[in-house]
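Residue numbers (the working numbering), protein chains in the order written: chain A, 819 to 1201; chain B, 1053 to 1304. Below is one structure; the comments refer to it alone.
This is the structure in structure tokens:
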């Protein structure tokens, strides 16, 4: 175990507390930089999606994890960013401008959504944000003069500094990675300054936050705006990555995917957003594997255990049918959420911290260290 | 000049008169205790001052300024801090983070500056930290700086809440039952701190308290309430000897 001897207040402000962090994050950065030159184009493309999902995850963490305001409407903010970018691109607006415009417009809409949300809490806020997402989806489908309705819009190749950046080039990957890293660093900065602490204060006790001089309404709106703005920026990249956008891409399922990103990763740290994004992006290849390889494997297994060839073929067919059933993805998401909420509310990052502590304290780790217990000291009276 | 003044302050919930035309003044630099049986309206008065409730009638003044219509978050900015009867700390944050939230009313950095963590933000943060350390030293909280609130015992939380209120650098502090749930030794510490707050930091203190020995030790004046009305006002000895107060407590 490492003990830090602090001699300056800067020691508590620093983002990387000691050389161990510098080494591990430095190594990670080097690996990420050489990744597009050694990995297959498929994996690099998956990494791009991880970057985009993680950016949205960080945005959602600001709102849900740190300010305590749940949102199931982030697909709509993503859509606003994506459509703004695509629409402006048609008129020859340069990337630098429409990228910022996507974030700005989405942020403004986020602030507007934040106002009615001031009066809502918990499940009611979730319902309000879902309805907002449905409204946006409907507008995208109906406002055909701008969005071309359900036909969707083609997104032209990204032009940056006079050079084309195709959606599967390493340059595009680096762009997404840069946006993710800037988002993470900016958010960390925010969290170590008064605004971030005000967010956490609102999450834990609005009454106490108010009595400390925090304008709760203002900070909730700020949180909504920042979160939506970052999501809008990610939406612009998302549109370029897909090269085609239509309203049915931005459904409730996408919002739920974002919630899963932070729920699985862990809602108390930005690491959670990245881990959750990796997890959610890996589900698709997993489903493909389930469809393509697993039925054959089970059929062979059945044959090996002495089932007749006809019977083995039958088993293989029914497994294949189950694996390609509609809504399997939704069902898997549901099961994952339930399992994580029940058994690991702190998410993958929380699990990692526990494992780390186990080895730090070995052999003195106590099994009850993270046993959940209820404390009856918090008042619900002054809500 | 009085530090704080309430005039005909009333709070009615339908027919229930939780606070009924209460008037009192707090002088600068005094320690005023509010006592009374359960449900007498003591905490309601605090909640009226910190604007969690809106008064049905009456006015409140702070340093001769009418603050009846000031929003709840504006109260702290004027220099009034409070603690809660049932501890309202930010559970999932460290002690240090909790205390730094107390510095919120003194922060002037802008959002974009914070996003980039400019040198000005860093300088402001270190200044906040320096002030917080003074409070930590004043209340002997050094061992707990980096601990999460959710893992701390009740007595320590009570002190941390006091510390958080002190971090706002208030002129007037409202303590809602500072000794509830504390053992004898902790109550002793609390009484020293309350007196030090007055003498060293020059803060005016208004507290709601049940523990009469603590009230006797620290208060300059006492107000006794029952059914939302003022029964008696004066020095601790006067109030305790008042026939109406004895009747209210003993039910004679």
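All C-beta atoms in this analysis are idealised placements derived from N, C-alpha and C, irrespective of residue type, glycine included.
Under 7 Å between beta-carbons, which chain A residues line up against residue i? List them in chain order, please.
{"i": "residue 1102 of chain B", "result": "1029"}
{"i": "residue 1252 of chain B", "result": "Here the premise fails: no neighbours, minimum Cβ distance about 22 Å."}
Report the rounded CA-to-CA distance for residue i versus residue j, giving the unit in angstroms.
{"i": "residue 1136 of chain A", "j": "residue 1161 of chain A", "result": "31 Å"}
{"i": "residue 1293 of chain B", "j": "residue 1085 of chain A", "result": "57 Å"}
{"i": "residue 1123 of chain A", "j": "residue 1129 of chain A", "result": "11 Å"}
{"i": "residue 1126 of chain A", "j": "residue 1138 of chain A", "result": "18 Å"}
{"i": "residue 1280 of chain B", "j": "residue 1093 of chain B", "result": "5 Å"}
{"i": "residue 926 of chain A", "j": "residue 1137 of chain B", "result": "40 Å"}
{"i": "residue 1073 of chain A", "j": "residue 892 of chain A", "result": "5 Å"}
{"i": "residue 1159 of chain A", "j": "residue 1283 of chain B", "result": "53 Å"}
{"i": "residue 1258 of chain B", "j": "residue 1113 of chain B", "result": "14 Å"}
{"i": "residue 861 of chain A", "j": "residue 1114 of chain A", "result": "25 Å"}
{"i": "residue 1054 of chain B", "j": "residue 1025 of chain A", "result": "28 Å"}
{"i": "residue 884 of chain A", "j": "residue 1089 of chain A", "result": "13 Å"}
{"i": "residue 1016 of chain A", "j": "residue 1301 of chain B", "result": "42 Å"}
{"i": "residue 1297 of chain B", "j": "residue 1266 of chain B", "result": "18 Å"}
{"i": "residue 869 of chain A", "j": "residue 1189 of chain A", "result": "34 Å"}
{"i": "residue 1168 of chain B", "j": "residue 1209 of chain B", "result": "34 Å"}
{"i": "residue 1080 of chain A", "j": "residue 857 of chain A", "result": "26 Å"}
{"i": "residue 959 of chain A", "j": "residue 935 of chain A", "result": "25 Å"}
{"i": "residue 1147 of chain A", "j": "residue 855 of chain A", "result": "32 Å"}
{"i": "residue 1076 of chain B", "j": "residue 1095 of chain B", "result": "15 Å"}
{"i": "residue 1047 of chain A", "j": "residue 1178 of chain B", "result": "29 Å"}
Assuming residue i and residue j are in contact, meaning their beta carbons sit under 8 Å apart, how far apart are those beta carbons, in whole angstroms?
{"i": "residue 1041 of chain A", "j": "residue 887 of chain A", "result": "7 Å"}
{"i": "residue 1201 of chain B", "j": "residue 1148 of chain B", "result": "Rounded, the Cβ-Cβ distance is 11 Å, inconsistent with contact."}
{"i": "residue 1013 of chain A", "j": "residue 1166 of chain B", "result": "5 Å"}
{"i": "residue 946 of chain A", "j": "residue 1043 of chain A", "result": "So it is not a contact: roughly 16 Å between Cβ atoms."}
{"i": "residue 1098 of chain A", "j": "residue 1116 of chain A", "result": "In fact, because the Cβ distance is near 26 Å, the residues do not count as touching under 8 Å."}
{"i": "residue 1087 of chain B", "j": "residue 1224 of chain B", "result": "19 Å between Cβ atoms; not a contact."}
{"i": "residue 1058 of chain A", "j": "residue 997 of chain A", "result": "That pair is no contact at about 11 Å."}
{"i": "residue 1183 of chain B", "j": "residue 827 of chain A", "result": "At roughly 11 Å, the Cβ-Cβ gap does not stay under 8 Å, so residue 1183 of chain B and residue 827 of chain A are not in contact."}
{"i": "residue 950 of chain A", "j": "residue 931 of chain A", "result": "5 Å"}
{"i": "residue 1029 of chain A", "j": "residue 1128 of chain B", "result": "6 Å"}
{"i": "residue 881 of chain A", "j": "residue 1045 of chain A", "result": "4 Å"}
{"i": "residue 1154 of chain A", "j": "residue 1082 of chain A", "result": "7 Å"}
{"i": "residue 850 of chain A", "j": "residue 995 of chain A", "result": "6 Å"}
Which chain B residues are close to residue i, counting only those with a beta carbon under 9 Å from its beta carbon?
{"i": "residue 1034 of chain A", "result": "1124, 1125"}
{"i": "residue 1184 of chain A", "result": "By Cβ distance, chain B contributes nothing, its closest Cβ being about 14 Å from residue 1184 of chain A, past 9 Å."}
Could you tell me which chain B residues have their CB closer than 7 Å to the CB of residue i, listed as they occur along the chain?
{"i": "residue 1004 of chain A", "result": "1167"}
{"i": "residue 843 of chain A", "result": "Per Cβ cutoff of 7 Å: no residues; residue 843 of chain A is ~17 Å from chain B at best."}
{"i": "residue 831 of chain A", "result": "1174, 1177"}
{"i": "residue 839 of chain A", "result": "Those within 7 Å of residue 839 of chain A in chain B number zero; the least Cβ separation is about 17 Å."}
List the residues of chain A whose Cβ lies closer than 8 Å to the Cβ of residue i, in chain order.
{"i": "residue 1134 of chain B", "result": "1029"}
{"i": "residue 1076 of chain B", "result": "The premise fails here: residue 1076 of chain B is roughly 21 Å from chain A at the closest Cβ pair, so nothing lies under 8 Å."}
{"i": "residue 1084 of chain B", "result": "None at all; the shortest Cβ gap to chain A is about 19 Å."}
{"i": "residue 1294 of chain B", "result": "Simply none; closest approach about 31 Å."}
{"i": "residue 1144 of chain B", "result": "1018, 1021, 1022, 1086"}
{"i": "residue 1129 of chain B", "result": "1031"}
Keeping to the same chain, check which residues put their C-beta closer than 7 Å to that of residue i; ignore five residues upstream and five downstream.
{"i": "residue 1187 of chain B", "result": "1151, 1215, 1218, 1219"}
{"i": "residue 962 of chain A", "result": "none"}
{"i": "residue 1169 of chain A", "result": "1162"}
{"i": "residue 1144 of chain B", "result": "1200, 1202"}
{"i": "residue 1202 of chain A", "result": "Coverage of chain A is limited to positions 819 through 1201, which leaves residue 1202 of chain A absent and any answer about it impossible."}
{"i": "residue 1254 of chain B", "result": "1081"}
{"i": "residue 1000 of chain A", "result": "none"}
Looking only at its own chain, which residues have a Cβ that is under 8 Å from the Cβ of residue i, when we skip the five neighbours before and after it?
{"i": "residue 971 of chain A", "result": "901, 904, 905, 965, 1062, 1063, 1064"}
{"i": "residue 1074 of chain B", "result": "1058, 1060, 1061, 1062, 1093, 1097, 1110, 1277, 1280, 1281, 1282"}
{"i": "residue 1150 of chain A", "result": "1101, 1105"}
Leaving aside the five residues before and after residue i along the sequence, list all residues of the same chain whose C-beta is less than 6 Å from its C-beta, in chain order.
{"i": "residue 1271 of chain B", "result": "1083, 1085, 1288"}
{"i": "residue 1268 of chain B", "result": "1288"}
{"i": "residue 1165 of chain A", "result": "1082, 1083, 1084, 1090"}
Report the neighbours of residue i on chain A: residues whose CB is nearer than 9 Å to its CB, in chain order.
{"i": "residue 1090 of chain B", "result": "By Cβ distance, chain A contributes nothing, its closest Cβ being about 14 Å from residue 1090 of chain B, past 9 Å."}
{"i": "residue 1156 of chain B", "result": "1012, 1015, 1016, 1019, 1027, 1030, 1031, 1032"}
{"i": "residue 1181 of chain B", "result": "827, 830, 831"}
Is any heavy atom of the ligand NAP found at a distance shorter than 7 Å from the C-beta of residue i?
{"i": "residue 1104 of chain B", "result": "Although the ligand NAP was asked about, the structure shown includes no ligands whatsoever."}
Who are the neighbours of residue i on chain B, taking C-beta pairs under 8 Å?
{"i": "residue 1040 of chain A", "result": "1163"}
Stretch-stretch touch, CB-based, cutoff 8 Å, three pairs: the region 1222-1239 of chain B with the region 1081-1101 of chain B: Short answer: they touch.
Interface positions of the region 1009-1024 of chain A facing chain C (Cβ-Cβ less than 8 Å), listed along the chain: Absent here is chain C; the protein component of the structure consists of chains A and B.
Given 8 Å, three or more beta-carbon pairs between the region 1096-1111 of chain A and the region 1119-1134 of chain A: no
At least three beta-carbon pairs within less than 8 Å, the region 1046-1055 of chain A to the region 845-854 of chain A: no
Touching by the beta-carbon criterion (3+ pairs, under 8 Å), the region 1099-1118 of chain B and the region 1057-1068 of chain B: Contact between the region 1099-1118 of chain B and the region 1057-1068 of chain B is present, because at least three Cβ pairs lie under 8 Å.
The region 1025-1034 of chain A touching the region 883-899 of chain A, judged by at least three CB pairs closer than 8 Å: no
Stretch pair the region 1237-1256 of chain B + the region 1161-1179 of chain A: three plus CB contacts closer than 8 Å: no
Cβ pair count under 8 Å reaching 3, the region 906-916 of chain A against the region 966-985 of chain A: Between the region 906-916 of chain A and the region 966-985 of chain A there are three or more inter-stretch CB-CB distances shorter than 8 Å, so the stretches are counted as touching.
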